[in-house]
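Numbering (UniProt numbering), first residue to last: 1 to 110.
For glycine and all other residues, C-beta sits at the position ideal for the given N, C-alpha and C.
The block underneath contains the structure these notes are about, expressed in structure tokens.
See below:
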């Protein structure tokens, strides 16, 4: 699949793209977010510990659910990227087949 992505990207004008670049992008989507990453995404800064002991478990639960949701979103985005790549490969293959058939059987370029 990575070779197909690189091939398609080069056809689109990204001549300097290498297979390692694709692997890096795909690998970056599998890494879990740190608390700092989550805080940056939500725009919140760390909250100072106060006397509100009842609020701490709720914050932890919300943070855990947020992290799980973001992780699921990242997985969905990665699946979407792979599916889009596969779809593009099929589209390009159909286009190549169409041109090849026109040249071979009709002697013309469409």
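Cut-off 6 Å between Cβ atoms - residues of its own chain near residue i, not counting five sequence neighbours on either side
{"i": "residue 85", "result": "5"}
{"i": "residue 19", "result": "2 and 6"}
{"i": "residue 62", "result": "none"}
Three-state secondary structure (DSSP) of residue i
{"i": "residue 89", "result": "helix"}
{"i": "residue 105", "result": "helix"}
{"i": "residue 30", "result": "coil"}
{"i": "residue 14", "result": "coil"}
Residues of its chain near residue i, where Cβ-Cβ distance is below 8 Å and the 5 sequence neighbours each way are ignored
{"i": "residue 66", "result": "38 and 42"}
Residue range of the unbroken alpha helix (DSSP H) whose run includes residue i
{"i": "residue 9", "result": "2-11"}
{"i": "residue 112", "result": "This structure cannot speak to residue 112, because the chain is shown only from 1 to 110."}
Below-8 Å beta-carbon distance, residue i vs any chain D residue
{"i": "residue 42", "result": "The chain labelled as chain D is not found in the depicted structure, where only one protein chain is given."}
The region 1-17 touching the region 85-96, judged by at least three CB pairs closer than 8 Å: yes
The region 62-79 / the region 25-44 touching (three or more Cβ pairs under 8 Å): yes
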